[in-house]
Every structure is written in C-alpha cells, then in structure tokens.
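Below you'll find the structure, written out as structure tokens, and then a few comments.
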Amino acid sequence: MNPNTSTLVQLMVHKKWMDMGLYEALQSPVYADKPDAVEHALYWLNHIHIVDQIFKSHMLGEPHGFTSTESSSFPPLPQLRRAAEALDEWLIRYARDLDDTAAAEEIDFVFTDGDKGRMSRTQMLMHLASHGLYHLGVTTHELSRQGLPTPPLLLTTYLGQEVAGKASKAPPP
2 MNPNTSTLVQ
12 LMVHKKWMDM
22 GLYEALQSPV
32 YADKPDAVEH
42 ALYWLNHIHI
52 VDQIFKSHML
62 GEPHGFTSTE
72 SSSFPPLPQL
82 RRAAEALDEW
92 LIRYARDLDD
102 TAAAEEIDFV
112 FTDGDKGRMS
122 RTQMLMHLAS
132 HGLYHLGVTT
142 HELSRQGLPT
152 PPLLLTTYLG
162 QEVAGKASKA
172 PPP
C-alpha cells in the first residue's frame, strides 16, 4: 500500500464501518415496529449512496446519470445495504491502489446542480468520508432523540475496536 494514501484507506474503512453500523442497527428487532424512523434513515442512507456513486464516476471520468443527489424513492433496506457495502469496498480498494500522481490529480466535473467543480481524487475521497459522517451523525442524533439505539461513529471508537480486533464487524447499535 502506498504510504501516502494509507490515511485515505483508513478513512474509507472507517466510512464503511459507520455505514454498516447504521444498516445493522436499522435491521435490528428494535426498529421492526418503527417504520417511520427506518424510512427517514433510509432516505439519508440513499442520499449518501447516490453521492458516493456520483463521485466514483467523477474519479473514473465517467458519466453518472444522476440529476439530483436526492430521491423520493429508494430500494428496500437490504438491497441498499448490499449496494452501499459493495461501493464502500470499491472505495477501499480504490484508495489502496492510488499512487501519488493519481491521488493528487485534479479532475474537472459538473455538480448535479450545474455548478462546475474541480477536486483531486484525495479531496473527493475525503469529501465522501466527511459527507457520510455528517449525514450519519445528524440521522443517528435524531434516532437517539427518539430513544432508539444507534451505532458509534467516532474514528477513535473505530480505531479502538480495530486494535481490539472487533472492527471487522459492524458495531452494535
């Protein structure tokens, strides 16, 4: 692994850990009779997944086909979870395989609102990590306010579990 991109790999692994933690929580029996809470969380998980797909396309220089980062419809929770997990795995491999030149290369693209953007691949991966954390944080805060269990999100918690050998699984809700 390129030592200059190892932090990016850690960020992408942490992103997957956070994502899967919320999916795991939402699939727990506690949420079985809370369809409104699950649907609200699913809306934001779908938004995160759309943005991840868009930036994957930007990094690959391919069209993404999205006209918005939001959608009023989304796949069922298990289907979205599988898709998000596969994309998170792709992001981990992508970060692992980046060399210094590719990581620093700036790419021009167009946001879904038509504004022009320019970011390096490193900046795009950092954006996906912070974007996901932001929406997961707000979502878990709302769920917690309803008295529902939520997974941990902090990097320090993830790193502590990684050291203890527990981070390979999604965190408990």
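2 is the number of the first residue of the sequence shown in our numbering; add one for each residue after it.
No residue lacks a Cβ here, since even glycine has one placed at the ideal position from N, Cα and C.
Between the region 50 to 66 and the region 80 to 97, the count of C-beta pairs closer than 8 Å reaches three or more; the two stretches touch. When the alpha-carbon of L137 is set against those of S7, K17, L9, the nearest one is in K17. Looking only at Y95, S72, E25, the smallest Cα-Cα distance to T8 is reached by Y95. Burial state of H142 is exposed, judged by a 10 Å Cβ sphere holding fewer than 16 other Cβ atoms. Here E107 carries a strand assignment [DSSP, helix/strand/coil]. Around the CB of L155, fewer than 16 other CB atoms lie within 10 Å, so the residue is classed as exposed. The distance from the Cβ of R97 to that of V39 is about 33 Å, inconsistent with a contact at the 8 Å cut-off. Annotation for S121: the continuous beta strand (DSSP E) segment containing it runs 117 to 121. Taking one beta carbon from each stretch, the region 108 to 120 and the region 21 to 41 have fewer than 3 pairs nearer than 8 Å; the two do not touch. Annotated three-state conformation of F112 is coil, per DSSP. Residue state for F67 is assigned as coil, using DSSP reduced to three classes.
Looking from the CA of L78, the closest CA among N47, G66, S145 belongs to N47. Excluding the 5 residues flanking it on each side, T140 has same chain C-beta neighbours closer than 6 Å at A42, W45, in chain order. Relative to the Cα of Q80, the nearest Cα in the group V111, Y24, W91 belongs to Y24.
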